[in-house]
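Residue numbers (the numbering used here), protein chains in the order written: chain A, 1 to 196; chain B, 197 to 370.
Idealized CB from N, CA, C, for every residue including glycine.
These notes are about the structure you will find just below.
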């Protein structure tokens, strides 16, 4: 089994790949890992705020995918199923950390020290400005109530569909849409200074 | 359209999922309300910025680490041979319990069937005693007598047959 990192041309759909993996084709598993590892780490990172722990959770998600491959049924999209596994693992970790009373990224207020997001070293003024904007937006998102933060991350950062979000967080699509709309409005209030 | 309705429809408008008639109504409202118009533009810009937010990536050694974890898991799974989902230790305990259960239940069944047959035979004896006619009772006939009489009668028949046979033999020899 080899993991090819530069595999960008997707011949098979996710559902076709998982079907092949269920039949024993381990190359299909490799392909799925390559497709989803970066998407998942961003998704988990939005919950946890710690890159190292996020990576461990993505590893756990991939191990679960390997072990529980037969549990996937083609009722939902594969991505929804995988994101749900990752979300559950992230929540478990989130609860553990809460019990340990560790200050989490999500609990940092506006007055607290902003967290450092690993980034490429910015060069030009434009890049520096964009980096600052990124930080301000991140902080504004983290200042939102948990249920708004969750959906705005999924929709506007991870770019998941309303249907996928609805399946992952197990609430009706109407509620998802309403939460996203309210989150965007609230975010706008937080970012008023940025837009002036 | 009022302000409340406008705010509720912003996301639908930006996602392009609003019906045509409603879209016209929405656009009329933002034309006449510069504040509403700038709010829609700002939200659109924020969404654009969020889509472009810096993405984190997994470390270079992610796949290697994953492979070694999977190998370890496989080894762990192969060493943990199970019998119908149970470890050998629990499987042996369970099988012992099953055997013990069958032995005890078999013994219980046997003892209950023995007691049944005994009670049935006792009942039969009582019934048969009751069924003996009053004349027989007057003659003081009991089961032992009846058996004895049977044996006697059989013995008589055999003796008669023997006599007859001896007669026949005598006749041939003569």
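8 angstroms contact criterion, which residue i and residue j should meet: CB distance rounded
i                      : j                      : result
residue 171 of chain A : residue 262 of chain B : Their Cβ separation, rounded to whole angstroms, is 32 angstroms, which puts residue 171 of chain A and residue 262 of chain B out of contact at 8 angstroms.
residue 157 of chain A : residue 249 of chain B : 6 angstroms
residue 17 of chain A  : residue 61 of chain A  : The Cβ separation is near 16 angstroms, so there is no contact.
residue 38 of chain A  : residue 254 of chain B : 6 angstroms
residue 242 of chain B : residue 191 of chain A : 6 angstroms
residue 85 of chain A  : residue 69 of chain A  : Not confirmed; about 11 angstroms, so no contact.
residue 258 of chain B : residue 31 of chain A  : Between residue 31 of chain A and residue 258 of chain B the Cβ distance is about 15 angstroms, and since that is not below 8 angstroms, they are no contact.
residue 266 of chain B : residue 66 of chain A  : 6 angstroms
residue 57 of chain A  : residue 93 of chain A  : 6 angstroms
residue 169 of chain A : residue 153 of chain A : Incorrect: roughly 11 angstroms between the Cβ atoms, too far for contact.
Chain A within 7 angstroms of residue i, Cβ atoms only
i                      : result
residue 243 of chain B : yes
residue 226 of chain B : no
residue 199 of chain B : no
residue 246 of chain B : yes
residue 238 of chain B : yes
residue 253 of chain B : yes
residue 265 of chain B : yes
residue 262 of chain B : yes
residue 249 of chain B : yes
residue 309 of chain B : no
residue 301 of chain B : no
residue 404 of chain B : This structure cannot speak to residue 404 of chain B, because chain B is shown only from 197 to 370.
Beta-carbon contacts of residue i that lie in its chain and below 6 angstroms, excluding the five residues immediately before and after
i                      : result
residue 125 of chain A : none
residue 194 of chain A : 136
Contact set for residue i: own chain, Cβ-Cβ below 7 angstroms, skip 5 residues either direction
i                      : result
residue 239 of chain B : 206 and 210
residue 148 of chain A : 179, 182, 183 and 186
residue 36 of chain A  : 82
residue 43 of chain A  : 83, 86 and 158
residue 155 of chain A : 165 and 180
Chain-order list of residues whose beta-carbon lies under 8 angstroms from that of residue i (same chain, five-residue window excluded)
i                      : result
residue 299 of chain B : none
residue 236 of chain B : 206, 209, 210 and 226
residue 91 of chain A  : 47
residue 203 of chain B : none
residue 222 of chain B : 197, 202, 205, 209 and 214
Residue-level contact to chain B via CB, residue i, 7 angstroms cutoff
i                      : result
residue 165 of chain A : no
residue 144 of chain A : no
residue 72 of chain A  : no
residue 37 of chain A  : yes
residue 188 of chain A : yes
residue 59 of chain A  : yes
residue 180 of chain A : yes
residue 47 of chain A  : no
residue 29 of chain A  : no
residue 76 of chain A  : no
residue 63 of chain A  : yes
residue 20 of chain A  : no
residue 83 of chain A  : no
residue 125 of chain A : no
residue 88 of chain A  : no
residue 156 of chain A : yes
residue 51 of chain A  : yes
residue 41 of chain A  : yes
residue 170 of chain A : no
residue 137 of chain A : yes
residue 12 of chain A  : no
residue 129 of chain A : no
Reduced DSSP secondary structure (H/G/I, E/B, other) of residue i
i                      : result
residue 107 of chain A : In this prediction, residue 107 of chain A scores a pLDDT of 48, lower than 50, which makes its location untrustworthy; no coordinate-derived value is stated.
residue 191 of chain A : coil
residue 250 of chain B : coil
residue 213 of chain B : coil
residue 158 of chain A : coil
residue 204 of chain B : helix
residue 174 of chain A : helix
residue 11 of chain A  : coil
residue 62 of chain A  : helix
residue 181 of chain A : helix
residue 115 of chain A : Its pLDDT being 46, under 50, residue 115 of chain A is placed unreliably by the model, and the measurement read from it follows with that caveat. Residue 115 of chain A falls in the coil class under three-state DSSP.
residue 256 of chain B : coil
residue 273 of chain B : helix
residue 198 of chain B : coil
For residue i, the first and last residue of its enclosing alpha helix (DSSP H)
i                      : result
residue 97 of chain A  : 78 to 99
residue 238 of chain B : 230 to 247
residue 16 of chain A  : 14 to 22
residue 139 of chain A : 125 to 142
residue 282 of chain B : That residue, residue 282 of chain B, is in no alpha helix (DSSP H); it is neither H nor E in DSSP.
residue 72 of chain A  : No alpha helix (DSSP H) holds residue 72 of chain A; DSSP gives it neither H nor E.
residue 35 of chain A  : 26 to 48
residue 152 of chain A : 146 to 152
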